[in-house]
Amino acid sequence: MADNIPGDLKYTREHEWARVQGTSVVVGVTQHAQESLGDVVYVELPKVGATVTEGKQFGVIESTKAVSELYSPLTGKVVKVNDGLSDNPSTVNTDPYGAGWIVEIEPSDPKQVDGLLDAAAYTALLQNS
Amino acid sequence: MARQTPLNEAHRKLGARMVDFAGWDMPVQYSSVIGEHEAVRTGVGLFDVSHMGEVEFSGPGALDTVNALISNDLARIADGQAVYAGLLDERGTFVDDVVAYRFSPERILICVNSSNREKDVAWMKTHAKGVAPVDRSDDYAQIAVQGPKATGLVQRLTKTDLSKIGTYRFAEGEVAGVKCLISRTGYTGEDGFELYSAAGDAVALWDALLTEGQQDGVKPCGLGARDSLRTEMKYALYGNDIDDQHTALEAGLGWIVKLDKAAFIGKEALVAQKAAGVKRKLVGFELTGSGIPRHGYAILKDGAPVGEVTSGTMGPTVKKAIGIGYVPTELSAEGSTFDVDIRGRAVPAVVVKTPFHKKP
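Shown next, in the form of structure tokens:
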């Protein structure tokens, strides 16, 4: 099936996406990730104000069968979390790049975003995996 | 190379996501686990369970031979009936859990778990006194048709009067022109049938059920939905909830152990355990905090580990995080509370009455 990979986002090798929004960065999981997970039934979110570190776990996403770790694309501070996921975790499946966003991070160094994969590189990653 | 059922290609054509399950290449889901789960609760779903094993005991003395191996009692049921039973070892713990079909006192068929097939056959060969077991697993395919619309669907494809086949009863007949053992059994908590056919007839039967079931909205269902459905019913899964470390009484399966029948393997241990008192029990619980309990998580009381989660899921029908696990008997009553260690967080839980899912 065709993977939906928006051109205006950045990506990690662990299938998270990052969208720059003013001084902060919104993070979620990709279409490919939600399809591989299957029905998402629980998302364990960090607390607002928590510090997250690039490449380190910041939360957990659970589908009917599997428990998967969420890795932060950036180092910084959590400024918002998607509380709506506690009642409707399946939003991650139905709208992974929109209402299914997971956290918003204020990066300690905004240039970190440049180090993430662009859409072309992420597409290549999926094709070679 | 993983083993394949006769329906392997049919699953791939339907776009199933395949996984390795106990050495078998099996569909875990076709569309979505939750969607398939709901189809079985409200309509009808098809499961390929051809990986299950079948062992036949045939000849004079078959009933007595099998009765000495299993915990339930084939002498109490009529021909055409089946029983759920334990194959227990001397300690009263499980070699496997099985369904035994009584065709006649001289012909008994036992359905065993795929993961235990070789072990069971070897164990039965060692312990059977009288008739020798024959492994017929490769001859049979098995399709489970489950859900409130299952009877209507199967009835349209067979001349056998299904209203005459009660729960845990079976008949031999034809479904869609395929010779079948039509068994009113299942692992979902819904009404339905398990159809045993010759391996070579499985594709024809599967296709006929899918085609005829279109008007019912039939869905092919994978192992994911099978697991969430059975968990909502607190049906035991071998390797999770029951194993060779916990006795049938600890597992709450005293009802499949007939201590008043003639000798069977495990009886003495269970009589002794019953007299001494059962010290731990398998309970169903709901989380009252946030998270999902999973197999292997520790159960804590006042911060100390006292038991273990054996199965857990977010129940798609009950819409709660539910779990099954062993706890000390003093924590087993409905309303008892403890915590589940979810990745270092102690999440509160309460023992509830099971099955979790009650039919409306």
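In order, the protein sequences belong to chains A and B.
For the first sequence, the residue numbers in UniProt numbering are 1 to 129.
For the second sequence, the residue numbers in UniProt numbering are 1 to 360.
Here a beta-carbon is modelled for each residue, glycine too, at the ideal position from N, C-alpha and C.
All values reported here derive from a predicted model rather than from experimental measurement.
Mapping the DSSP letters down to three states, classify residue i as helix, strand or coil.
| i | result |
| --- | --- |
| G239/B | coil |
| T5/B | coil |
| residue 370/B | Look at the range of chain B in this structure, 1 to 360, and you will see that residue 370/B is not part of it. |
| D201/B | helix |
| R107/B | strand |
| D3/A | coil |
| N88/A | coil |
| E334/B | coil |
| Y297/B | coil |
| E172/B | strand |
| E308/B | strand |
| Y101/B | strand |
| T313/B | strand |
| L74/B | helix |
| P110/A | helix |
| V66/B | helix |
| K261/B | coil |
| G254/B | helix |
| G224/B | helix |
| I34/B | helix |
| R230/B | helix |
| D207/B | helix |
| V154/B | helix |
| V271/B | helix |
Closer than 6 Å by C-beta to residue i: which residues in its own chain qualify, once you throw out the five before and the five after it? Chain order, please.
| i | result |
| --- | --- |
| S228/B | H37, T313 and P316 |
| G239/B | none |
| M1/A | Below a pLDDT of 50, predicted positions are generally treated as unreliable, and M1/A, at 43, falls in that range; no measurement from the model is reported. |
| R41/B | T317 |
| L45/A | G59 and V81 |
| L85/A | V43 |
| T123/A | I5 |
| A119/A | I5 and G7 |
Based on the DSSP output, what are the partners of residue i in its beta bridges?
| i | result |
| --- | --- |
| I61/A | V43/A and S68/A |
| G45/B | Q146/B and K219/B |
| Q245/B | According to DSSP, Q245/B bridges with nothing at all. |
| F285/B | G323/B and V351/B |
| Y11/A | W17/A and L117/A |
| T160/B | Its beta-bridge partners do not exist; DSSP assigns none. |
| S183/B | F170/B and E194/B |
| M18/B | P27/B |
| Y97/A | None, per the DSSP bridge assignment. |
| L87/B | I70/B and D96/B |
| V121/B | BP columns for V121/B are empty, so no partner. |
| P339/B | The sequence given here has Asp at residue 339/B, not Pro. L300/B and P348/B. |
| T51/A | K77/A |
Please list, in chain order, all residues of the same chain as residue i whose beta carbon is under 7 Å from its beta carbon, the five residues on each side excluded.
| i | result |
| --- | --- |
| L252/B | The amino acid at residue 252/B is misidentified as Leu; the sequence shows Gly. Excluding positions up to five away in sequence, the list reads K281 and L282. |
| Y235/B | Y187 |
| Q4/B | D25 |
| N4/A | Q31 |
| V271/B | L259 |
| I108/B | F57, A62, L63, V66, L74, A100, Y101 and R102 |
| D89/B | V95, D244, I265 and G266 |
| V178/B | S197, D201, A204 and L205 |
| S108/A | T75 and G76 |
| A263/B | A68 |
| P105/B | A62 and L63 |
Check the C-beta distance from residue i over to residue j and give it rounded, since I have them as a contact under 8 Å.
| i | j | result |
| --- | --- | --- |
| S197/B | C180/B | 5 Å |
| K47/A | S72/A | That pair is no contact at about 14 Å. |
| V27/A | P89/A | In fact, because the Cβ distance is near 16 Å, the residues do not count as touching under 8 Å. |
| L205/B | V175/B | 6 Å |
| D73/B | K258/B | 4 Å |
| I70/B | A85/B | 4 Å |
| V79/A | I61/A | That pair is no contact at about 20 Å. |
| T247/B | Q273/B | 6 Å |
| L87/B | V145/B | Not a contact, Cβ separation roughly 26 Å. |
| A10/B | G80/B | Going by Cβ atoms, the distance from A10/B to G80/B rounds to 30 Å, so no, they are not a contact pair. |
Who are the Cβ neighbours of residue i in its own chain at under 8 Å, not counting the five residues just before and after it?
| i | result |
| --- | --- |
| A75/B | L63, N67 and K261 |
| P6/B | S50, A141, A199, G200, A202 and V203 |
| A121/A | Y11 |
| V33/B | G222, G224, A225, S228 and P316 |
| G284/B | K234, I322, G323, I324, V351, V352, K353, T354, P355 and F356 |
| G43/B | G147, P148, K149, D216, G217, V218 and K219 |
| R136/B | E54, V55, E56 and L109 |
| A134/B | In the sequence as presented, Ala is not what sits at residue 134/B; that position holds Val. V55, E56, F57 and S58, listed in sequence order. |
Exercise for review: May I ask you to verify whether the region 276-293 of chain B touches the region 120-131 of chain B, counting CB pairs closer than 8 Å and requiring at least 3?
Suggested key: no
Review point. Is the number of C-beta pairs between the region 217-225 of chain B and the region 109-118 of chain B that are closer than 8 Å three or more?
Key: no
Check your understanding: Are three or more beta carbon pairs between the region 15-26 of chain A and the region 107-116 of chain A nearer than 8 Å?
Key -> yes
Check your understanding: Counting Cβ pairs closer than 8 Å, one from the region 295-306 of chain B and one from the region 336-351 of chain B, do we hit at least three?
Key -> yes
**Study point:** Segment contact flag, the region 305-312 of chain B with the region 320-330 of chain B, C-beta cutoff 8 Å, min 3 pairs
**Key:** yes
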